[in-house]
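Written below as structure tokens is the structure these notes are about.
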Amino acid sequence: MKQFLEGSHAIAEIIKRCKPGVVSAYPITPQTHIVEDLAQMVADKELDAQFVNVESEHSAASVVLGAQAVGVRTYTATSSQGLLLMAEVVFNIAGLRLPIVMTTANRAISAPINIWNDQQDVMTVRDSGWVLLFAETIQEAVDLHVQAYKIGEDPRVMLPVMVNMDGFILTHGMETVDMPSQEEVGKFIPPYTTTYKLDVDNPQTMGYLADPDYYLEIRYLVQQTHRELLSIIPEVASQFKKAFKRGEGNGLIEGYRLEDAEQVFVAMGSVCGTIRDSVDELRAKGKKAGLLKIISYRPFPKDEVLTALSRAREVAVVDKSVSLGGFGPVYTDLCAAVSSMGPKAPKVSGFVLGLGGRDITLKSIQDVYERMSGKQVDCEFIGLKQELLAEGK
Amino acid sequence: MPETLFKPGHTACAGCGQAVGARLVIDTAGKNTMIANNTGCLEVFSTKYPESAWCVPWIHSLFENCSAVASGIEAALKYLGKKDTINVIAQAGDGGTADIGLQAISGMFERGHDVLYVCYDNEAYMNTGIQRSGLTPTLTNTTTSPSGSASLGNPRPKKPMPEIAAAHGIPYVATASVGYPQDVQKKVKKALSIKGPKYIQIHVPCPLGWRHESDMTFDVAKLAVETGLYPLFEYEYGKLVSRKIAKIKPVEEYLKVQGRFKHLLKNPDAVKQVQAIADYNIQKYQLKSEA
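Line order of the protein sequences matches chains A and Y. Letter 77 of the first sequence, counting from 1, is numbered 76 in numbering that gives the first Met the number 0, and no numbers are missing. Letter 209 of the second sequence, counting from 1, is numbered 208 in numbering that gives the first Met the number 0, and no numbers are missing.
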């Protein structure tokens, strides 16, 4: 059913239909509307779940860890400092192979304190073993949550999945959303069952100490699962497309006017909407521009990216985060990917935009486009106010 | 050997008080029990992959979060309608309890989860090499509170964890000692018969960290109680009930059998200071026998 919904409310509605048995969260802007709505749904008996109000994000993640370990489907959501505080548990959840689903309402990191959107928070747990998916629209965020449970709980996977949605832009934006029915969602993700759980009739030890004789292989197996995810995620995406009659891309990436594109933007999340408009403008002027949207950042779909870029001459990576002292994280991954293309590799430039909620406008993307064909850069900040920088000197 | 849910073959040191305590707890709780265990000696010596000493469902996540993990286990069991038949225990050492784990414990108590929290108190971070914790006693020589020409060791008193637990208004708080195994069993049994959050702190000597002979574990544990330095008491719905001491012994008897207090013996003022702590406990917890 099509409804005009706020992003957070839409997420709560879809999570309700995914039927988690335990929900735990700690308030942080801009995630709060999601869990407020879920708390109300539990209070109104619309959702049969235990809602656990905790004293920190570290405990929010630990509560869903414990509940998921009993074999119950769980949900939590966080943002920014909250994600950083729970980072230790985030890594632990993946190592324990617990298929928890979490929404991250992407937001800047302190200091200075700033509640607005960018994607620096998720990059701090980039290497945790979680599947990291990025939504461009509220509809896509809704759809990715349903797929997240399907992907994570697949016995071949058994890994947690994080759905990233840009804070405020998507969490507080309004959009017409095609909300699937309880029945449709229930059919797509049947109740969670597993033999890997705490069970008094079949006692298991979870969370062993693994010495150097075992640790390397256990970590390798997570990496191996991520490789297998490169075929499992498209499988789930195509099942989703069949069941719900919508969905662009193959679950890993999506191309926009890429077929003959020579100049390609690469980006993740809501900024892709702005870039689509830019591409249309450029195309209208006869420029062969296109967009490669990364949906699955982990696993990183290297082969799909290379195929998508096979005709590209110039590539501009639009990062909404930065590894300070290094480069934009997506830029780094892209460089690693194209390094295998040899002399056919496109020229890749890296740009950092929109940190701390600075608007990314059509003009910002135009700026990137102009620099794409200029001198190759690896970490160029776009939209800097020179007068502020001069003041700081 | 009687049937136990905590199997031998683990790698605890000879004379480890914590291994004895853990076995007493789980064998009293029985097989319908799930355990969330913080990082620490117990976790390390009982679950080295691919072996495990535990015959009940057991999970280790991190150093400080067993209370939150146990809260999640309890919430999941409630969701499944199974909570009434299954005990949930969160357990940790003294550092994992009184220092790094305190926030999560407070949250679990305040939310009223039906979980028994067990702190195995060996009075320092033994797993990492005898560093001072919030439950290290006054004037103890540890590797991070060493005695020296300008120091007599740890300058601060033990954090009053049982009182901190009781201040949350939880129904049952107790201290116990592996020197009194039946008392441990009795308290665990009582705790598990009460719904809501419970806290038991068990004194568990560590021969390596306390530097006593490994066949002295029970004697050292008993001396701590008999001197008044480790008072055994319960707060049942806030009401204090203490275990009386038949014959109170001077603290020197406890100090002299342990290397961690050796530096105090030639210092009468220091011994007096420790005796004052025992005297305070004896009064506060009414440890003196009436007879």
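The C-beta atom is built at its ideal place from N, Cα and C for all residues, glycine as well.
- Query: Under a three-way DSSP split, which group does A:A11 fall into?
  - Reply: If DSSP states are grouped into helix, strand and coil, A:A11 belongs with the helices.
- Task: May I have the straight-line CA-CA distance separating Y:A294 from Y:A91, to the nearest angstrom?
- Result: The question about residue 294 of chain Y has no answer here: the residues shown for chain Y are numbered 0 through 290.
- Item | Beta-carbon proximity list for Y:S294, same chain, < 7 Å, skipping 5 on both sides | Chain Y is shown only over 0 to 290; residue 294 of chain Y falls outside these bounds and no answer can be derived.
- Query: Using Cβ-Cβ distances below 8 Å, what residues of the segment 75-91 of chain Y are close to chain A?
  - Reply: Within the segment 75-91 of chain Y, the residues whose Cβ lies closer than 8 Å to some Cβ of chain A are A75, L76, K77, Y78, L79 and I85, listed in chain order.
- Task: For Y:W209, decide whether its Cβ has a neighbour in chain A, counting only Cβ atoms nearer than 7 Å.
- Result: Interface with chain A (7 Å Cβ-Cβ cutoff): Y:W209 is excluded.
- Go ahead and pull the three-state DSSP assignment for Y:C118. Reduced to three states, the DSSP call for Y:C118 is strand.
- Message: Quick check on A:R297: does DSSP put it in helix, strand or coil?
- Response: Three-state result, A:R297: strand.
- Message: Which of the three DSSP states is assigned to A:Q394 in this structure?
- Response: Outside the modelled stretch of chain A, which goes from 0 to 392, sits residue 394 of chain A, for which no answer is possible.
- Task: Go ahead and pull the three-state DSSP assignment for A:V156.
- Result: Judged by DSSP in its simplified three-state form, A:V156 adopts coil rather than helix or strand.
- Check whether the Cβ of Y:G106 lies closer than 7 Å to any Cβ atom in chain A. Y:G106 counts as touching chain A.
- Please check the pair A:L169 and A:G6, which I expect to be a contact at CB under 8 Å, by giving their CB distance rounded to whole angstroms. The Cβ separation is near 4 Å, so the contact holds.
- Query: Bridge partners of A:T204, per DSSP?
  - Reply: Looking at the DSSP output, A:T204 sits in a beta bridge with Y:W57.
- Message: Suppose the cutoff is 6 Å on Cβ atoms and the five residues either side in sequence are ignored; what does the same chain contact list for A:M122 look like?
- Response: Closer than 6 Å at Cβ, skipping near neighbours: S320 and P328.
- Within 8 Å of chain A by C-beta, residues of the segment 1-22 of chain Y in sequence order: Going along the segment 1-22 of chain Y in chain order, one finds no residue with a Cβ nearer than 8 Å to chain A.
- Message: Can you tell me where the alpha helix (DSSP H) holding A:E234 begins and where it ends?
- Response: Per DSSP, A:E234 belongs to the alpha helix (DSSP H) from Y214 to F243.
- Task: Using a Cβ cut-off of 8 Å, pull out every chain A residue sitting near Y:V187, in sequence order please.
- Result: Within chain A, no residue comes near Y:V187; the closest Cβ sits about 17 Å away, beyond 8 Å.
- Taking A:K319 as part of the alpha helix (DSSP H), name the residues at either end of that continuous run. Per DSSP, A:K319 belongs to no alpha helix (DSSP H) and is neither H nor E.
- Message: Is Y:N121 close to chain A? Criterion is C-beta to C-beta, closer than 7 Å.
- Response: It does not; no Cβ of chain A falls within 7 Å.
- Could you spell out the range, first to last residue, of the alpha helix (DSSP H) harbouring A:Q30? No alpha helix (DSSP H) contains A:Q30, which DSSP labels as neither H nor E.
- Message: Does any residue of chain Y have a CB that is nearer than 7 Å to the CB of A:G206?
- Response: At least one beta carbon of chain Y lies nearer than 7 Å to the beta carbon of A:G206.
- What are the complete alpha helix (DSSP H) segments, minimum 4 residues, inside the segment 155-190 of chain Y? Runs of alpha helix (DSSP H) with 4 or more residues, each lying fully within the segment 155-190 of chain Y, are found at 160-165, listed in chain order.
- Can you check whether the CB of A:L197 is closer than 7 Å to the CB of Y:S60? No Cβ-Cβ contact shorter than 7 Å links Y:S60 with A:L197.
- Near A:Y25, what residues of its chain come up, given a Cβ to Cβ distance below 7 Å and the 5 sequence neighbours on each side ignored? Cβ within range, chain order: V53, S55, E56, A59 and G81.
- Query: What is the residue span of the beta strand (DSSP E) that A:V100 lies within?
  - Reply: For A:V100, the uninterrupted beta strand (DSSP E) run begins and ends at V100 to N105, by DSSP.
- Exposed or buried, which one is Y:Y198 when buried takes at least 16 other CB atoms within 10 Å? A buried status is given to Y:Y198, since no fewer than 16 other beta-carbon atoms sit within 10 Å of its beta-carbon.
- Task: Under the assumption that A:Q118 contacts A:V176 (Cβ atoms under 8 Å), give the Cβ distance between them as a whole number of angstroms.
- Result: With 8 Å as the limit, A:Q118 and A:V176 do not qualify as a contact, their Cβ atoms being about 22 Å apart.
- Task: Anything in chain Y within Cβ reach of A:V199, meaning under 8 Å, just list it in chain order.
- Result: Chain Y residues near A:V199: K30, N31, T32, M33, V55, P56 and I85.
- Message: Helix, strand or coil for A:V130? Go by DSSP, reduced to three states.
- Response: Collapsing the DSSP output to three states places A:V130 in a strand.
- Whole angstroms is fine: what's the gap from A:S339's alpha carbon to A:F350's? Each residue's Cα considered, the two are about 22 Å apart.
- First through last residue of the alpha helix (DSSP H) which encompasses A:V199: Here A:V199 belongs to no alpha helix (DSSP H), and DSSP marks it neither H nor E.
- Message: Counting C-beta neighbours from all protein chains within 10 Å, is the total for A:Y74 16 or more, i.e. buried, or is it exposed?
- Response: Classification for A:Y74: buried.
- Check distances from the C-beta atoms of the segment 211-234 of chain A to those of chain Y and list, in chain order, the residues that come in under 7 Å. For the segment 211-234 of chain A, which is checked against every Cβ of chain Y, the residues closer than 7 Å are Y213.
- Cutoff 7 Å: Y:L134 Cβ touching any chain A Cβ: Judged by the 7 Å Cβ criterion, Y:L134 is not in contact with chain A.
- Message: At 4 residues or longer, what runs of the alpha helix (DSSP H) sit wholly inside the segment 91-153 of chain Y?
- Response: Taking only runs of at least 4 residues, the alpha helix (DSSP H) segments lying wholly in the segment 91-153 of chain Y are 101-110.
- Chain-ordered neighbours of A:E87 on chain Y, where CB pairs are closer than 7 Å: Within chain Y, the residues L61 have their CB atoms less than 7 Å from the CB of A:E87, given in chain order.
- Query: Skipping 5 residues on each side, what residues in its chain have a beta carbon closer than 6 Å to that of A:H225?
  - Reply: Counting only Cβ-Cβ distances below 6 Å, and skipping sequence neighbours, we find P298.
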